[in-house]
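In UniProt numbering, the protein residues as written are 1 to 295. Even glycine gets a Cβ: it sits at the ideal position worked out from N, Cα and C. Predicted model only: the values in this text are computed from it and were never measured.
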């Protein structure tokens, strides 16, 4: 069957912040291992309160006729994004989490949306995606992920592909480095970028497992994200400090890792010494099969 209404071309089928360098990283299991120091030589550590009460927040979409919701899952500090066309009611969901499937489905029903695609920005190691089970609940829903992820999905995406919902679309930009299958999804007017784990707010995803490569990540961010307009809003897959959004201009200027030279960046990434995400042994196998392995 064709996917003309969804794609421009069909394809086969981590918690505090170290002030200087060790900004947001993936996974709540090791986020606590990163502390915030206010000055060198001072051992006092402050752990910010976790935003466990956040369910979802609404942000003003800059594009006319675009419905947008930013949703939060507290255990893995994951953001899920719901975007819809206010006229046609077609919608897509980015990085849904198994534990919040009922919340997400309830919101979709309340807003009267027709969810067309549930897409993962990469094969996650810190949580199980809900795409597989969601497909069983919503007729016609398709799952999507990068063709380089090694995971199964209805739609395998690559550079330049467009995911359509109504008159809107997201364009795929491949950003390997955290994993081989990482990708950023950019709105048609380049006003919003959903950066997965490639670029976090004042940080980036780790590069010490799952095909991680600091050099690739550095090049991906500089070539595929930092080339977007300064005012483009950056929406990451995770944040551990309650931050909800940044901009390309801010990150290009203030990101404590990615403002460094490649050599400095590689040194930073090779010396994080972070424990592995606590769910990695169950999350990765499950996410390779659309989140339905042993669930």
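Specify the secondary structure class of residue i as computed by DSSP and reduced to three states.
i	result
residue 79	strand
residue 270	helix
residue 70	strand
residue 281	helix
residue 159	coil
residue 292	coil
Just the C-alpha distance for residue i and residue j, rounded to the nearest angstrom, thanks.
i	j	result
residue 247	residue 227	12 Å
residue 225	residue 113	29 Å
residue 157	residue 267	32 Å
residue 12	residue 229	Unreliable positioning characterises residue 12 in this predicted model, as indicated by a pLDDT of 37, which lies under 50. A coordinate reading is not provided.
residue 284	residue 67	31 Å
residue 276	residue 197	15 Å
residue 81	residue 259	27 Å
Considering residue i, what are the terminal residues of the alpha helix (DSSP H) in which it resides?
i	result
residue 108	101 to 110
residue 251	248 to 254
residue 173	First-last for residue 173: 168 to 174, but that is the beta strand (DSSP E), not the alpha helix (DSSP H).
residue 133	131 to 137
Between which two residues does the beta strand (DSSP E) containing residue i stretch?
i	result
residue 297	No information on residue 297 is available, as it lies outside the stretch 1 to 295 that the chain covers here.
residue 195	192 to 196
residue 236	233 to 236
residue 115	114 to 119
residue 187	183 to 187
residue 152	It is not in any beta strand (DSSP E) - residue 152 carries neither H nor E in the DSSP assignment.
Can you round the beta-carbon distance between residue i and residue j to whole angstroms, since I take them to be within the 8 Å contact cut?
i	j	result
residue 91	residue 116	7 Å
residue 181	residue 149	3 Å
Is the region 138 to 145 touching the region 188 to 206 in the sense that three or more CB pairs, one from each, lie closer than 8 Å? no
Any 3 or more C-beta pairs closer than 8 Å across the region 190 to 199 and the region 161 to 181: yes
Report yes or no: do the region 118 to 130 and the region 86 to 97 share at least 3 C-beta pairs separated by less than 8 Å? yes
Is it the case that the region 173 to 182 contacts the region 207 to 225, given that we only count it when at least three CB pairs across the two stretches are under 8 Å? yes
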